[in-house]
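Be aware that the sequence shown starts at 345, since it is given in our numbering, and climbs by one per residue. Each remark here refers to the structure printed beneath this line.
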Amino acid sequence: MKNLIPISLIIFRLGLAPLIVGLAYCFGINAKLYIILFMYLGLLSDILDGIVARKLGVSSEKLRRFDSQTDLVFWLSIGLATWLLYPNIISENIYAVWIILGMEVSCYVISILKFGKETCTHAFLSKLWGITLLIAFTSLIGFNHAGFPFKLAIVMGLISHIDVILIILILPKWHHDIPSSYHAYLIRKGITFKRNTLLNDEVS
């Protein structure tokens, strides 16, 4: 029963994805305020599901993987909605968009080839990238403006994806919730951690 709360928060965010795309497709810029609202609600659910799961002691690999894949679907829906609302501004920055999408695909391909599972690092830099995405999409959807917020999101996207790729390459075996490539290096050296606290335990 304890799983129901974090799972419900994840499902809520997953359900927002088609709603956001549907609003953009059916109502265009007339729905932009609702799309922004749902984007912030989705981010709030993303923050809360992890906190609640840890507090209730139900944070598991299965739950974290579900959360990670939902994040991907959610942010892709925001990107698609932005393209539906302002195709010209996306076209003007299409190379940057394709680079980020290519990096995302690379993370999945490398992880699946090495471990047979998708990546699920929830790294610190990825969380920072999520914040810059929120700012960039607020600027894009709300004000039809790319500018510095968009460029910052692209730069953080590149940095965070490089970090994830390094995590995958460094880890001796698949793990979820790895804060950084440095933590992956520590695991490789035989040090594990829990809730950002390093412990001198041998990795099983």
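Note that CB positions come from ideal geometry on N, CA and C, so glycine has one too.
For residue 423 and residue 393, the gap between their C-alpha atoms comes out near 22 Å. Proximity of the segment 456 to 474 to the segment 490 to 507 meets the contact definition, three or more beta-carbon pairs being nearer than 8 Å.
Within the same chain, 462 come within 7 Å of residue 456 by CB-CB distance, once the 5 residues on both sides are set aside. Straight-line spacing of the CA atoms in residue 530 and residue 430 works out to 44 Å. Sixteen is the threshold: when 16 or more other Cβ atoms of the shown chains lie within 10 Å of the Cβ of residue 376, as they do, the residue is buried. Its chain contains 396 as the residues whose beta carbon lies nearer than 6 Å to that of residue 349, once the 5 sequence neighbours on both sides are disregarded; these appear in chain order. Fewer than three Cβ pairs drawn from the segment 364 to 375 and the segment 433 to 445 lie within less than 8 Å of each other, which leaves the two stretches out of contact. Excluding sequence positions up to five before and after residue 365, its CB lies within less than 8 Å of the CB of 421, 424, 425 and 428, all in the same chain and listed in chain order. If you draw a straight line from the Cα of residue 517 to the Cα of residue 467, it comes to about 16 Å. Taking a contact as a CB-CB distance under 8 Å, the pair residue 360 and residue 401 does not count as one, their CB atoms being some 27 Å apart. When only Cα atoms are considered, residue 482 and residue 404 end up about 32 Å apart.
With 16 or more other Cβ atoms inside 10 Å of its own Cβ, residue 419 counts as buried. The beta carbon of residue 451 lies closer than 8 Å to those of 463, 505, 508, 509 and 512 in the same chain, with the five residues before and after it left out. Residue 415 and residue 527 have their C-alpha atoms some 22 Å from each other.
As for any alpha helix (DSSP H) of minimum length 4 sitting wholly inside the segment 390 to 453, the runs are 405 to 429 and 431 to 436, ordered along the chain. Apart from the 5 residues on each side of it in sequence, residue 357 sits with its Cβ closer than 7 Å to the Cβ of 386, 389, 390, 414 and 418 in its chain, given in chain order. Residues of the same chain with a CB within less than 7 Å of the CB of residue 525, apart from the 5 flanking positions on each side, are 507, 510, 511 and 514 in chain order. One alpha carbon belongs to residue 477, the other to residue 497, and they sit about 5 Å apart. Taking every protein chain shown into account, the CB of residue 383 has 16 or more other CB atoms within 10 angstroms, so this residue is buried.
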